[in-house]
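A.B. asks: Please see the structure below; I have some questions.
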Amino acid sequence: MATIALEGMHFYARHGFYEEEQVIGNEYVVDVYLETVFTKAAVEDDLYQTINYETVYLICEAAMRRNVKLLETVASRIALDIKHQFRNIKEMKIKVKKLNPPLGGRVDSAFVEVSGEYTKKCARCDRPLLCYGDKTCWCMETKLFQKTLEQLKGTYGDRCLCEDCLKFYAK
Ligand SMILES: [Zn+2]
Ligand SMILES: [Zn+2]
């Protein structure tokens with residue numbers, strides 16, 4: 010397991026509720042912390058599995074460029090895009106900080122932090138697996154016959170299966 014982080018990414022953006030913020034803008038600082046597991050693919054240096062700093066930065070930059078009212082929206086968007094891009098994240102924390110928010114007095118910063126933890130246990134063999142609980146979930150595996158998938162859902166409900174167990178049922 011390893012922590013991969015980008016700390017103190019500075020952006021100038023126009024998020025916010027107030028017109029002043031949307032016109033003048035604010036300075037923002039974004040921190041991203043990712044706990045990853047070394048999968049076999051990561052050891053083999055597969056770029057899709059290895060967290061790439063540049064990709065993480067570009068994801069943050071793109072999310073900052075789209076103006077929204079809430080910092081929560083920015084943070085959630087970054088989290089979602091990182092999940093879409095990388096499949097080996099065990100835990101993640103995203104912090105989006107607005108410097109000198111216009112609150113009438115001196116305030117250094119206001120921030121929003123979103124975090125997620127994606128370790129689960131396989132319903133069949135009890136070994137740990139990673140699942141984001143969305144449509145990328147391994148239990149939505151399309152390599153299975155529809156009938157097999159229905160059977161598995163009948164047996165295991167919403168609980169996830171690891172890749173090896175899915176392979177056991179695969180076509
Ligand atoms: Zn799952
Ligand atoms: Zn399993």
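Under the numbering used here, the first residue of the sequence shown carries the number 10, and numbering increases by one thereafter.
Even glycine gets a Cβ: it sits at the ideal position worked out from N, Cα and C.
Model, not experiment: these values are computed from the prediction.
Mapping DSSP to helix, strand and coil, what is Lys162?
C.D. replies: Lys162 falls in the helix class under three-state DSSP.
A.B. asks: Got a sec? Which residues, its chain only, sit under 7 angstroms from Lys99 by beta carbon, not counting five neighbours each side?
C.D. replies: Answer for Lys99: Met10, Glu44, Thr45, Val46, Tyr127, Thr128 and Leu139, listed in chain order.
A.B. asks: Should Arg168 be counted as a contact of ligand 2 given a C-beta to heavy atom distance under 6 angstroms?
C.D. replies: No.
A.B. asks: According to DSSP, simplified to helix, strand and coil, what is Ile13?
C.D. replies: Three-state result, Ile13: strand.
A.B. asks: Residues in the same chain with beta-carbon distance under 8 angstroms from Ser118, minus the five sequence neighbours each way, listed in chain order, please.
C.D. replies: So the list reads Val38, Lys106, Lys107, Leu108, Asn109 and Pro110, once near-sequence residues are dropped.
A.B. asks: Could you check which residue in Arg136, Ile13, Phe154 and Arg23 has the C-alpha nearest to that of Ile4?
C.D. replies: This structure leaves residue 4 out entirely; the chain is present only between 10 and 180.
A.B. asks: Which partner residues of Asp40 appear in the DSSP bridge assignment?
C.D. replies: Asp40 pairs with Lys104.
A.B. asks: What first and last residue would you give for the alpha helix (DSSP H) that runs through Thr82?
C.D. replies: Thr82 -> alpha helix (DSSP H) spans Leu80 to Gln94.
A.B. asks: From what residue to what residue does the alpha helix (DSSP H) around Leu175 run?
C.D. replies: Start and end: Glu172 to Tyr178.
A.B. asks: Once you ignore the five residues that flank Lys78 on each side, which residues in its own chain have a CB closer than 6 angstroms to its CB?
C.D. replies: Contacts found: Phe26.
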